[in-house]
Each structure stands twice: as C-alpha cells, then as structure tokens.
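If you count the sequence shown from 1, position 102 lands on 803 in our numbering, and the numbers rise without skipping. By construction, the Cβ of each residue, glycine as well, lies at the ideal position given by its N, Cα and C atoms. All values reported here derive from a predicted model rather than from experimental measurement. Written out below as structure tokens is the structure these notes cover.
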Amino acid sequence: MTPVGARPAAPVRTYDDLVADVRAGALGPDPRTLRVAVAFTTRQAVRHDGRGTGYRNEVLSLRLAEAVGSCAVEPGELPDGALDDCVGADVAALLGHPLPAVRVAALDAYLMHVAPHTPQHGARSVALPAGSSLAKSRARARAVVELLDLPDGGTVLVVGVVNSLLEALRSRGLGYVPCDLKGGLTEWGEPVVADALAAAGSCDALLVSGMTLGNGTFEPLRAHALRHGKQLVLFAQTGSAVLPRFLGHGVTAVCAEPYPFFWLDGGPGVVHRYHCPGGER
C-alpha cells in the first residue's frame, strides 16, 4: 500500500482501472476506512463586464480530512438527497453511488487526500493574481493554454467552452473548434459543436474540461488522443486530483484547480500544472 505523501504510481490505463486500484487499496488507505465529513454544493451565475453572454455553474464537493474533491454538474441536475447520501458515508460506498457526480467527487477527494498538489507529486504551482472575475479568468486561461505545444495555425478542439480560453488561443495564433454538449454559439457568434469525437479528427490537439469525467466523455477523448498521438491538455476543477493519474497514457498535461475555484473571490489564487515526463514547459 502506498503511504500518504508518496509519489503516485505509474499511469493507469483507463478510468475504470483507476477506480479498481483505489477500491483495492493499491494507491493508499483502504477506502472503506475513510468517511466523508462534509458535502456541499457551490452555485454561481456570472456575466463578466464587457461580455454579451453569461453562464451558470454548479459543483458538488466532498470533504475528506484535509482534502476536497469536486465534480461539476449541470445546474439543477443534482437531487436534493445527494448531499445526505454522502455525509458520513465511506469512500468505497460512494465510488459505487448511482450518481456519476458523487462517484467522481469521491474519487477526487480520495486521490487529493493521498497525493495533494505538491512538487513531491509532480505539480508546479502557478499564482493567479488578485483581480476581477474576468481578470482572473484570463490569467487562468493563459496558464492553461501555455501547456499546448503547437505552431501558429494549429487547430485545437476545445471541449467545454470557456470564452477566456478561446481568447488565449487566438492570442497564440491558434485556431479552435469550440465544443459543448449544449451546442449554441460562442461570445463571438461562432457555432459550438456538440459531438467532440466527430470534431476531433480535424484538430491537431485537444483542450478538454475535467467536466468530461462526470458526463462520461473523457475516456473516448483520451483513447482518441492516445490512438492518434495528439496532445490532450486538461483544465480541471472537476477531478483535479484524478486527471494527473493519466499523464503518459493519453494525457499530455493537466492544469489542476482544486476547490476553492478562481471565481469564488477576488484575492490571489493558484493553479497546479502537470506535464508528462520530459515534456515540462
């Protein structure tokens, strides 16, 4: 059994493999012995100054000792009883919960407890300056987009549309295909595709939200990147401690942002970046 604080094990092959390893106690303490003390949701509605559209977020978070694991959900999707299901439950039971968001948040909390975002575990922290919600969003976007290694003119599939990320890609001379399950239009009237895999073939790299863990689309995208040798960079509020486990097996880099997220206050913040061995920038 790997003690808390040890360097994470070699990359796992699939998400299901990772869950199986946790259940077996292969990565840390037996999850049957660890209980969630606090469960909570965070909701926000935002419309940045100078932007013509807004959006809403809702996130389920679980507190395990010093760690908080999170999974974003569609606003209004989480049943009222989900929090009651989580409080006092052991991690092993929550890994089998019928709601995907509960399963992901529990896995994230466990892995955050076992391997927090520290240099010992491969993380390099990047400070986000204090400022308005838009200023901090743009600072985070720069930290994410710097993880891509593409020449001018490359095309990036962006799964989980964040306007600041699209701005940052344009500033790098990169094209993009915005993708979100809801479809629609970007801030600048660009069509948003709904089928990420259908669009992936025409793109040189993938820039993907951790929300894909909760909606079941992460594994197909990871498999596509692995099969075609494409960069897969993840920006993760959902599953920030989960996704670094796939570095070197379809995942090129991760910008991990555990709770509390940048949009919760105007003070300084931090994100944690991970790269494949030999791919540090």
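If you draw a straight line from the C-alpha of residue i to the C-alpha of residue j, how long is it?
i	j	result
Ala924	Phe936	18 angstroms
Pro945	Cys977	9 angstroms
Val845	Leu866	8 angstroms
Ala794	Met912	22 angstroms
Ser967	Arg839	The sequence given here places Gly at residue 967; Ser does not occur at that position. Gly967 and Arg839: Cα-Cα distance of roughly 13 angstroms.
Lys883	Ala895	6 angstroms
Leu719	Ser834	34 angstroms
Gly917	Gln821	30 angstroms
Leu849	Asp731	37 angstroms
Tyr877	Ala897	12 angstroms
Gly930	His973	24 angstroms
Leu784	Thr819	29 angstroms
Glu767	Ala942	14 angstroms
Ala828	Ala954	18 angstroms
Arg757	Thr742	13 angstroms
Glu891	Gly854	18 angstroms
Cys904	Arg733	42 angstroms
Arg708	Tyr975	Only weak support exists for where Arg708 lies, its pLDDT of 40 falling under 50; the value from the coordinates is given anyway. Their Cα atoms are separated by approximately 13 angstroms.
Val803	Val815	18 angstroms
Starting from residue i, trace the alpha helix (DSSP H) both ways and give me its first and last residue.
i	result
Ser910	Taken as a continuous stretch (DSSP letters only), Ser910 belongs to no alpha helix (DSSP H), being part of the beta strand (DSSP E) at Ala906 to Ser910.
Arg724	Tyr716 to Arg724
Ala901	Ala897 to Ala901
From what residue to what residue does the beta strand (DSSP E) around residue i run?
i	result
Pro879	Gly876 to Cys880
Leu935	Gln932 to Ala937
Ala954	Ala954 to Ala957
Which residue or residues does DSSP assign as beta-bridge partners of residue i?
i	result
Thr856	Gly876
Ser826	His973
Asp781	Partner(s): none; Asp781 has no beta bridge.
Gly770	Leu763
Val845	Bridge partners of Val845: none, in fact.
Gln745	Asn758
Asp791	Arg736
Taking 7 angstroms as the cut-off, does the CB of residue i come closer than this to any heavy atom belonging to the ligand NAD?
i	result
Asn864	With respect to small molecules bound, the structure shown includes none, and the ligand NAD cannot be examined in it.
DSSP on residue i, reduced to helix/strand/coil?
i	result
Gly915	helix
Asp786	helix
Pro799	coil
Thr887	coil
Asp809	helix
Pro945	helix
Ala740	strand
Val893	coil
Phe962	coil
Ser865	helix
His818	coil
His929	helix
Glu775	coil
Pro921	helix
Leu851	coil
Gly706	In this predicted model, Gly706 has a pLDDT of only 37, less than 50, meaning its place in the structure is not dependable; the value taken from the coordinates is given anyway. Gly706: coil per DSSP, three-state reduction.
Ser833	coil
Leu870	helix
Ala840	helix
Gly968	coil
Pop quiz: residue i and residue j are said to be a contact at Cβ under 8 angstroms. What is the actual Cβ separation, rounded to whole angstroms?
i	j	result
Ala740	Val788	5 angstroms
Ser910	Gly970	The Cβ separation is near 18 angstroms, so there is no contact.
Leu763	Val737	5 angstroms
Val859	Leu908	5 angstroms
Ala926	Gly885	Incorrect: roughly 25 angstroms between the Cβ atoms, too far for contact.
Ala836	Gln938	About 18 angstroms; that fails the 8 angstroms criterion.
Ala807	Gly770	6 angstroms
Leu796	Arg724	6 angstroms
Ala790	Ala957	With 8 angstroms as the limit, Ala790 and Ala957 do not qualify as a contact, their Cβ atoms being about 25 angstroms apart.
Leu765	Val792	7 angstroms
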